[in-house]
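Trainee:
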Ligand SMILES: Cc1cc2nc3c(=O)[nH]c(=O)nc-3n(C[C@H](O)[C@H](O)[C@H](O)COP(=O)(O)OP(=O)(O)OC[C@H]3O[C@@H](n4cnc5c(N)ncnc54)[C@H](O)[C@@H]3O)c2cc1C
Ligand SMILES: Cc1cc2nc3c(=O)[nH]c(=O)nc-3n(C[C@H](O)[C@H](O)[C@H](O)COP(=O)(O)O)c2cc1C
Ligand code: FES
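Protein chains in written order, with our numbering: chain A, 712 to 1019; chain B, 289 to 540.
1) Between residue 289(B) and residue 843(A), what straight-line distance do the alpha-carbon atoms span, to the nearest angstrom?
2) Could you compute how far the alpha carbon of residue 788(A) sits from the alpha carbon of residue 963(A)?
3) Mind checking whether the beta-carbon of residue 897(A) lies closer than 6 Å to any heavy atom of ligand 3?
4) Should residue 333(B) be labelled buried (16 or more other beta-carbon atoms within 10 Å of its own) or exposed?
5) Cα-Cα, which of 326(B), 338(B), 526(B) is closest to residue 925(A)?
6) Could you give the residue range of the beta strand (DSSP E) that holds residue 836(A)?
7) Please classify residue 407(B): does DSSP put it in a helix, a strand, or coil?
8) Mind listing, in chain order, the continuous alpha helix (DSSP H) runs of no fewer than 4 residues lying wholly within the region 874 to 946 of chain A?
9) By how many angstroms is the C-alpha of residue 369(B) removed from the C-alpha of residue 356(B)?
10) Please check if any C-beta of chain A sits within less than 7 Å of the C-beta of residue 500(B).
11) Output the boundary residues of the alpha helix (DSSP H) element that contains residue 818(A).
12) Sorry if obvious, but does the Cβ on residue 512(B) come closer than 6 Å to a heavy atom of ligand 3?
13) Name, in chain order, the residues that DSSP records as bridge partners for residue 779(A).
14) Tell me, please, whether the CB atom of residue 292(B) is closer than 7 Å to any CB atom in chain A?
15) By how many angstroms is the C-alpha of residue 784(A) removed from the C-alpha of residue 826(A)?
16) Going by alpha carbons, who is nearest to residue 408(B) out of 425(B), 297(B), 348(B)?
17) Is the region 461 to 481 of chain B close to the region 385 to 400 of chain B, with three or more CB pairs under 8 Å?
18) Taking a contact to mean a Cβ-Cβ separation below 7 Å, would you say residue 768(A) touches residue 918(A) in this structure?
19) Taking CB distances under 7 Å as the criterion, tell me whether residue 427(B) reaches chain A.
20) I'd like the ranges of any beta strand (DSSP E) spanning at least 3 consecutive residues and lying wholly in the region 962 to 1017 of chain A.
21) Compute the beta-carbon to beta-carbon distance between residue 508(B) and residue 314(B), rounded to the nearest angstrom, for a pair I have assumed lies under 8 Å.
22) For residue 302(B), does the three-state DSSP call read helix, strand or coil?
23) Mapping DSSP to helix, strand and coil, what is residue 788(A)?
24) Quick one: Cα of residue 786(A) to Cα of residue 521(B), how far?
Here is the structure:
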């Protein structure tokens, strides 16, 4: 049975990776699972300059989900390469560096710094950040801004480049197409959906940042739909994520057209979620007698429904 | 040793109107916990409530783990419905511990903060001067156990239904003001407003003060950066570098 998939020039032993920001830099969960079993490890979003992040509360639970407003706290690329990457190099699992910036220049220098490092196998651009040089418009919600930043980063790196799309857009298919045309090797769908929770007693937002990103099972149907829409519009691989808790959920994404999947919030609930998803996908392929996972990807059947 | 396992509910009952005691028997061998550490407990059987909730180790005996908790919102209401024989997934022990006290010490507990401090007191019987504050006599749980292990118990309640009427930090301030010898180290756990008040009380004093903090948590293992507190050296994770911090390090 083959579980291996390709994202650009990168070969993964299985299609299951971690979602950025939910797995730290790998160390925390290494005592719960064998990191060698993962398809890839996507690390917490990095920037050239370290970020302090938002005040607390930064997280709040919502029905079957959670909101987070961490504020992209991170130790900076330099400290990551020096203090965190050596640990990850001990494993055979490829490392995908998620990064962001608040200007095109910052994205480019981040990509350059990460590309030179031994042990970084691919880059994932988080474009759900505002551009401080262009009226704080979020790169990932404006096709022009997105095209500009993806093109610039494309020139700065030869590593496989994954663009992580924001769901806070009108047409995910169009944004996926723009990413493809601007030089992306793959897209990740999706980042969190902006949400808000209010403490009615005190009449204040629960999160210190007011709004936060919604993740977890609550967003899964939206994410599956977005993967399916994008799959019809582009030919580069899609990495699907959003509320995957178990193998069944991951299979929905693969059938909708995702070449790989990422497990995020589920890690918090079940530290061995990723490994259980990998095992469950294997069992499904055996049961369904599918020898190669690539035969499952995008295999959604559109059958006419009988009206009774 | 695995820190994620299944446990069976051995006993689960009310100790007071809003407080329950949950005793779990882990189904596999787990790491030995230290006073001050905590566990993430599964709060429901479905995806709502989704996240596990943090609870301090209250007692460790005969291979069981006990937790004393207050029913507050959705998660604890759901947790309260688990029955004897049900299984619960737990992650732990997590976080750091209370530093080992050298000689006598002062413990300051606010409300459910007693859950975390009692495991410290039991480790060092007869050495703690406990300042115990609660809303009312009814919420002053574990009174008998506390008397058994503490050297001295000073009580304050908001409504005066037990001990002095008022806040426990005021009583502590009076005691510290009267003391002429070097001050005993302080260990504190309770609601954040109480800890902030304690911060003010000890600000100008030569005293070591170890506080166990609470923050909203998602992962409990240091991965999400949801639970941070501002310290003199930037944000630190309550679940990983804490929950016990030296008061002097907090940027309050
Ligand atoms: C390290 C640690 C140890 C803890 N030990 C214990 C314990 O031994 N016994 C016990 O009863 N409780 C303990 N708590 C607090 C406990 O985790 C919360 O009361 C619980 O998560 C509330 O969940 P809920 O869904 O019932 O309440 P929610 O509906 O989530 O919230 C009810 C109210 O409590 C507030 N709240 C929620 N979570 C927290 C939190 N972590 N800290 C402060 N306020 C919060 C909310 O803002 C809201 O106002 C501990 C917390 C931490 C961080
Ligand atoms: C606490 C937290 C932090 C996150 N941080 C990042 C980040 O730094 N960069 C990024 O691209 N996505 C980040 N995400 C988004 C996730 O990678 C993922 O896209 C999203 O949570 C949906 O997947 P899930 O429902 O499985 O969690 C974060 C999500 C959470 C919950
Ligand atoms: S709860 Fe996730 S880092 Fe502390």
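For each residue, glycine too, the CB sits at the ideal point set by N, CA and C.
Mentor: In short:
1) 47 Å
2) 34 Å
3) no
4) exposed
5) 338(B)
6) 833 to 837
7) helix
8) 883 to 892, 931 to 944
9) 15 Å
10) no
11) 815 to 826
12) yes
13) 770(A), 924(A)
14) yes
15) 21 Å
16) 348(B)
17) yes
18) yes
19) no
20) 971 to 974
21) Residue 508(B) to residue 314(B), Cβ: 16 Å. No contact.
22) strand
23) helix
24) 13 Å
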